[in-house]
Structures are given as structure tokens and as C-alpha cells.
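A short worksheet on the structure shown next.
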Ligand code: SF4
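In this note's numbering, the protein residues as written are 4 to 249.
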């Protein structure tokens, strides 16, 4: 009798968890700034089933694990993290209200400090809070951050995502923590609110949803022949995209 390897069990746990997820019926704020065509197809799983690579599942799992770890370390050291995994959407009467939403990693005081008596859960006290956005990236990522200066310049899609959260929450700051998976180094990067990035996210959301409502795919934002965003481990809809033409 063959005994499955431990790797088999570990990978199986990821694929089972993925299969048990309900398909999304909303556009995630974390999708804004990514390819509009891929975002639209993700909302039509019956027509465009996602081809999720095991490599992607492992990568996402590592990202979630890093988020939990970093938040726990902040809290242990006395830095309060509010609104952990809070659902955030656009205000009522906004055309994206409850059609585009997501969960934030948390919110932190503008000047992180020992939080005597503030606690870490429940309603936030009257402090100026910043959106906390945690990223865990492959080796070498921090070099790009050092070259570009800010997260939003190095990876515009992360900027669009975080500043859209800031807009929805009425926050004036975003605090990024970017972890290098290679050696565990974490870089802290604060950005003041950028309305241009949030507006770009709104425009993208409107585009995806209006194309969907019209029963059509959005145009390609990347070139499948040359852009890394179109590689199979990054785009689960590559085959559908190629079949559908430009
Ligand atoms: S293959 Fe590229 S252009 Fe096509 S949906 Fe994916 S990311 Fe977009």
C-alpha cells in the first residue's frame, strides 16, 4: 500500500480549503488595480472557472500567515491594531456600495505607541488612525521598494487597493508593512492619502461592473505574451482570456 507523502497532506489541505470557498458575488477592493478582464471573469465562475495553481495556493497561504503573525507581534509589543478584518465598502448611494468591498488587515494609530488602557478590540477611541496593509513578497521585493521610494510607486495595484480602503474609511494615512519572504525583513512605509489612487480604483470598479452588467468582458489590461501578470500562477483566467480574444 502506498503511503501518501506529508507534502500530499499539506497540499491537500490547501486545495480542500480552496474548493470549500463560496464563489464571490462581489468585486473585492483587493482586485482594484489588477486586470479588469480577470476581475470580471472571477465574478462569473460558472462561465469562467478559475484554474488555480497549487503554487498560488501556497503563496496566498504564506501571505495570510504572515498577516496574522505580524498583527500578533504588533499587539504583543503594545501597538493596538483595530478593525482587524473589518468589512469595508463604499458609502450608501455610492454606485459601488455593497458591490465592491473587502476586508482590511487593520487600523493602527498614526503614531504607533504603547497603548496603555486602549485595548485592541472593539470600537476605536478618538485617534487619528491609519489603514494597515501588510504584504509578504518574494525575495528581492524590498529592493524594488528601496528604488521606488513608496509602495504605491513600486506596486501601483497595492496603492490603489490601500488608498481605496482609506477613502471608504475616511482615513488620511496608510501604513504598509512589507515582508521579504526570503529573510523575514519587514519594511515600514507610511503614505498620506492619495485621492488619485482611490479615484483610479473607483474607475476600475465601475468599468468592471458596467461591462459585466452589459454582458461583456472588459478589455485586456496586460499583454499575455509578455506581462508577468498574465502568467498562470498570477492569472487564473489566462486560458479563458486567450480563447476569448482581445
Ligand atoms: S491573461 Fe492577462 S490580460 Fe488576460 S485576464 Fe489574465 S491578466 Fe488579464
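The beta carbon of each residue, even a glycine, is placed where N, CA and C say it ideally should be.
As the crow flies, the alpha-carbon of residue 221 is around 17 Å from that of residue 52.
Taking 7 Å as the cut-off, the C-beta of residue 244 counts as close to a heavy atom of the ligand SF4. Contact annotation: residue 171 and residue 84 have beta-carbon atoms that are not nearer than 8 Å. Residue 224 has its Cβ nearer than 7 Å to a heavy atom of the ligand SF4.
Given a length threshold of 3 residues, each whole run of the beta strand (DSSP E) inside the segment 48-114 is given here in chain order: 90-92, 103-106 and 109-112.
When the Cα atoms are used, residue 165 and residue 199 turn out to be separated by approximately 12 Å. The nearest non-hydrogen atom of the ligand SF4 is 7 Å or more from the C-beta of residue 219. Under DSSP, residue 136 forms a beta bridge with 179. Within the model, the alpha-carbon separation for residue 33 versus residue 108 is close to 11 Å.
Using a Cβ distance threshold of 8 Å, residue 131 and residue 64 do not count as a contacting pair.
The segment 133-149 makes no contact with the segment 98-106, as fewer than three CB pairs between them are under 8 Å. In this structure, residue 194 lies near residue 177, with their beta-carbon atoms less than 8 Å apart. The beta carbon of residue 159 sits no closer than 7 Å to any heavy atom of the ligand SF4. Taking non-hydrogen atoms of the ligand SF4 into account, the C-beta of residue 227 is found less than 7 Å away from one of them.
Distances taken from the Cβ of residue 56 to the heavy atoms of the ligand SF4 include none shorter than 7 Å.
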